[in-house]
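Chains as they are written, first to last, in our numbering: chain A, 1 to 330; chain B, 1 to 393.
Where a beta carbon is used, it is the ideal one built from N, C-alpha and C, also for glycine.
Bear in mind that the values here come from a model prediction, so they are computed numbers and not experimental data.
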Amino acid sequence: MDFALTDDQVLLRDTARVLLANECPPSLVRAHMNDPDAADGLWTHMRDFAAVGSGSAVDLCLFLEETGYVAAPGPFFATTALFAPLLDALDSDLLEAALAGELTGTLALAGADGSWCPNAGPVKTFVPEADRVDRVAVVGPGPAVTIAESPPVRFIETVDSSRRLFEVDTTGLEGPTSPIDAAAVESIVDRATLGVAAEMVGTARRLFDMTLRYAKERVQFDQPIGSFQAVQHKLADMALDLERSWSAVYYAAMTIDAADTERHRAVPVAKAAAGEAAKRCAKDGIQIHGGIGYTWEHDLHLFIRRAYASEHFLGTTGWHHDRIADLLFS
Amino acid sequence: MHLAWGPDEERFRAELVAFIDEHAPPEARVRRDFAGTDGEPGSEILPRWAREWQATLFDHGWMIPGYPPELGGRDCTPVQTLVYLEEMAARAIPRSLHFPGYAIVAPSLLEFGTEAQRALAPAAIRGDTVWCIGMSEPDAGSDLAALQTRAEVHDDHFVVSGQKVWTSYAMVAQQCFCYVRTDPSAPKHQGISLLIIDMSTPGIEIRPLRQFTGASDFAEVFFTDVVVPRDNLVGALNDGWRITQGSLAHERAGLWVEGVARLEQTIAGLVDLARRRGVADDPIVRRRIAEGYQRAASLRALGYKGFTSYAQGSSAPEHSYMKMATAELGKTLFELGTDLQGPYGAVVDAQRAEEEGRWIRSFFITFANTIAGGTSEIQRNIIAQRVLGLPRA
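Laid out in structure tokens, this is it:
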């Protein structure tokens with residue numbers, strides 16, 4: 001069990017970190033709230049990294065952790081964590097364009113109940129970026145995949161505008177259909193679930209960093225509030241959740257890369273641990289910020305919104321605990 | 001990043017497993033929720049099998065594998081040491097039932113002792129000499145540096161008077177690794193020295209301390225004008241605090257392994273218990289057990305992450321988190337075990353209790369785990385100040 005990053009992985013992480021700090025400031029996330037076009041420029045930078053959509057899950061997580069840190073909007077997650085793995089499983093000739101960042105896409109799978117399993121329902125839910133990507137891959141019963149261009153979509157408004165979600169109406173959808181192995185669909189969903197967990201660790205780290213800095217700077221009773229034990233203990237607990245969720249995510253990524261059966265447990269562990277970290281860092285983060293954190297002007301809420309929307313995307317913490325329970329009691 | 005250990009580590013593991021299969025006595029293979037005694041009043045502190053097992057480990061180079069053979073090891077790499085700790089923990093086999101000698105005294109003597117003092121290390125590791133540690137006092141608990149046991153300094157000896165408390169193994173120890181105040185006028189961290197005190201010296205009185213569980217694992221130790229030779233000073237005069245900071249560091253990059261393995265074994269026990277009690281289909285029970293599993297699994301991953309940093313030579317902060325987190329989670333899990341039994345949760349009689357009252361008894365013992373060796377609150381202070389860089393109040 002070796003958590004050491006290779007030189008290439010360190011380079012990938014550091015490059016992503018610098019790129020996204022420059023190209024995705026909070027002002028862009030705010031501008032994107034009212035105008036989705038505002039993130040188009042960001043995609044022209046991020047598309048160069050679309051190749052993480054295939055191959056090492058560790059590499060994918062390293063990049064997505066940084067996109068979560070800046071609450072990056074746009075088609076990157078949908079294309080690399082959902083669409084490209086599906087094309088890969090189909091051995092589709094569109095894959096090359098997707099990995100080159102020349103073709104964006106998303107996945108329409110979850111049914112009306114929001115569960116990410118192949119189903120016969122005509123309406124697919126929680127489909128990210130469905131209105132703006134080049135292709136929507138619809139997984140129907142069988143399971144079988146239809147790759148559609150511009151199917152009818154309806155916006156689902158959530159508290160977070162940085163990940164835009166849609167319903168896709170697949171009634172009367174035309175186009176060639178390819179069968180896909182049910183186990184392959186499960187692997188794609190597992191990989192995407194881990195991808196969200198990696199993003200959430202990044203978002204949690206952002207909330208933590210902002211809060212730690214504030215606790216060191218903000219003076220009350222003539223001293224930094226970070227010198228008070230009540231504040232210190234909250235930050236220590238946030239740091240613990242952050243550390244263990246980071247570790248759970250990369251452990252799960254290693255089990256996927258090694259095709260180890262342990263991945264069936266490790267993925268829900270990672271998403272649930274990331275959920276606990278993100279929610280704790282959101283709640284204690286705003287508490288330690290006090291009144292200023294409750295303002296629209298302060299950036300904290302951008303990341304709290306992303307954290308909670310991610311918690312409910314691809315299975316809540318409780319849902320993943322139930323999945324773990326099914327394995328423990330099987 | 002990669003999941004598996006290499007073939008060298010797996011060969012090493014196979015060699016260890018063969019040794020355990022051949023030599024480990026049946027008593028060492030019995031699951032214990034916590035090291036030390038079973039918490040039963042009157043149970044023997046250091047049973048004969050445990051002393052023989054420790055000596056066997058030493059003689060075969062399996063006691064502290066990272067040490068050279070003359071110190072009970074085989075010059076293992078850090079990764080091999082981790083594999084060793086993993087394998088022992090997975091089988092719940094204790095190395096020793098008394099940790100002070102091999103885990104604290106020997107490493108400290110080897111680092112800070114004179115040549116004559118270093119020569120005491122092998123017997124401490126083999127368990128031939130039983131050591132206790134004189135640290136906590138009635139008015140020096142979390143604030144350990146406030147200790148007041150006084151040692152007057154004379155030309156060729158010290159005269160020690162005062163009281164220690166929570167002293168594990170004092171009733172059976174031959175030697176005490178004792179922190180004393182040698183300069184009352186200096187700032188509190190700077191007036192402390194470390195002495196080796198022979199427990200048979202006149203003036204030492206040991207009173208076993210019966211604790212909450214009913215067992216007596218600890219003692220109060222009273223020193224009245226105890227004469228200690230000058231040669232028994234470890235390190236420099238008034239420089240003992242530095243040794244308290246260093247003594248717990250040995251093997252710490254891997255010490256979490258046992259704690260995490262115990263959590264995992266407890267979770268497996270909860271699954272069995274839920275089945276026996278007919279609550280295995282209760283969604284709340286299932287979710288609570290799964291939550292425990294998630295936390296233990298993420299802590300195992302964090303432990304490995306910390307170990308990776310340590311093996312690369314960086315000082316890893318992860319160990320600061322592991323003690324607090326494993327102690328707190330253990331408490332939660334054993335309490336859950338009592339909850340699952342409903343009206344029978346507090347029953348300990350042999351006819352009616354699940355596993356002879358294991359869950360409630362062990363739950364009570366876990367109260368000690370978030371207090372001893374630095375309370376969870378002190379651990380959070382350490383994380384906040386030393387890891388996160390927050391200012392002191």
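Query raised in the report: Taking the alpha-carbon positions, what's the A/A137 to A/G121 distance?
Result: Between A/A137 and A/G121, the C-alpha separation is close to 15 Å.
Query raised in the report: Does DSSP put B/G134 in a helix, a strand or coil?
Result: strand
Requested in this report: Please classify B/W53: does DSSP put it in a helix, a strand, or coil?
Outcome: Helix at B/W53.
Query raised in the report: If we cut at 8 Å on Cβ distances, does A/R191 have a partner in chain B?
Result: A/R191 does not count as touching chain B.
Query - Enclosing alpha helix (DSSP H) for A/A16 [first to last residue] - result: 7 to 23
Requested in this report: Say whether chain B places a C-beta atom closer than 8 Å to the C-beta of A/T15.
Outcome: no
Requested in this report: Could you check the C-alpha separation between A/R305 and A/M210 for me, to the nearest Å?
Outcome: Looking at the backbone, the Cα of A/R305 and that of A/M210 are separated by about 15 Å.
Query - Coarse secondary structure for A/Q220, derived from DSSP in three states - result: strand
Query raised in the report: DSSP three-state call for B/I197: helix, strand or coil?
Result: strand
Report task. Starting from the Cα of A/V58, find the closest Cα among A/V267, A/A215, A/G315 and give me that residue. Result -> A/V267
**Report entry** Positions along the stretch 317 to 329 of chain A whose CB lies within less than 9 Å of some CB in chain B
**Finding:** T317, G318, H320, H321, D322, R323, I324, A325, D326, L327, L328, F329
Query - For B/L209, the residue or residues it bridges with in DSSP - result: B/F218
Report task. Give the residues from the stretch 279 to 290 of chain B that approach chain D closer than 9 Å (Cβ to any Cβ), ordered along the chain. Result -> Of the protein chains in this structure, namely A and B, none is chain D.
Requested in this report: Run the proximity test for B/V165: is its beta-carbon closer than 7 Å to any non-hydrogen atom belonging to the ligand GDP?
Outcome: Looking for the ligand GDP in the displayed structure turns up nothing, as the structure carries no ligands at all.
Query raised in the report: Using the beta-carbon of each residue, which ones in chain A are nearer than 7 Å to B/S298?
Result: Ordered by position in chain A, the residues that pass the 7 Å Cβ test against B/S298 are R244, S245, S247, A248, V269, A273.
Requested in this report: Look up B/I267 in the DSSP assignment and say whether it is helix, strand or coil.
Outcome: helix
Query - Unbroken alpha helix (DSSP H) run spanning A/Y251, endpoints - result: 229 to 257
Query raised in the report: From A/A273, A/F208, A/E149, pick the residue whose C-alpha is nearest to that of A/V231; which is it?
Result: A/F208
Query raised in the report: At which residues does the beta strand (DSSP E) containing A/L165 begin and terminate?
Result: 165 to 169
Requested in this report: Can you tell me which of the three DSSP states A/L314 falls into?
Outcome: coil
Query raised in the report: Taking just the CA atoms, how far does A/L103 sit from A/I147?
Result: 13 Å
Requested in this report: Report back the beta-carbon spacing between B/A121 and B/L71 to the nearest angstrom; my notes put them in contact at under 8 Å.
Outcome: 6 Å
Report task. Examine chain A for any beta-carbon lying closer than 8 Å to the beta-carbon of B/K305, and answer yes or no. Result -> yes
Query raised in the report: Three-state secondary structure (DSSP) at B/V17?
Result: helix
Report task. Using the Cα positions of B/G39 and B/N369, report the straight-line distance between them to the nearest angstrom. Result -> Low confidence applies to B/G39: its pLDDT is 47, below 50, so where it sits in the model is not reliable, and the reading given next is rough at best. C-alpha separation (whole angstroms): 14 Å.
Query raised in the report: For B/Y310 and chain A, any beta-carbon pair shorter than 8 Å?
Result: Among the residues facing chain A, B/Y310 is not included, as its CB has no counterpart in that chain under 8 Å away.
Query - Chain-ordered chain A contacts of B/Y293 [CB-CB under 7 Å] - result: Those are I324, L328, listed as they occur along chain A.
Query raised in the report: According to a CB-to-CB cut-off of less than 9 Å, which residues of the stretch 212 to 233 of chain A neighbour chain B?
Result: L212, A215, K216, Q223, P224, G226, S227, F228, Q229, V231, Q232, H233
Query raised in the report: In terms of residues, what are the limits of the alpha helix (DSSP H) holding A/Q287?
Result: 263 to 289
Query raised in the report: Per DSSP, what kind of secondary structure is B/P229 in: helix, strand or coil?
Result: Here B/P229 sits in strand by DSSP.
Requested in this report: Write down the C-beta distance between A/M200 and B/M1 rounded to the nearest angstrom, noting that I regard them as a contact closer than 8 Å.
Outcome: About 19 Å separates the two Cβ atoms, so there is no contact after all.
Query raised in the report: Taking Cβ positions only, does A/L240 come closer than 8 Å to chain B?
Result: yes
Query raised in the report: B/K323 lies in the alpha helix (DSSP H); which residues open and close that run?
Result: Unbroken alpha helix (DSSP H) run through B/K323: 318 to 339.
**Report entry** DSSP-derived helix/strand/coil call for A/Y308
**Finding:** Helix.
Report task. With a cut-off of 8 Å on the beta carbons, I'd call A/M1 and B/Y304 a contact; round off their distance for me. Result -> 4 Å
Report task. List the endpoints of the continuous beta strand (DSSP E) containing B/E152. Result -> 150 to 153
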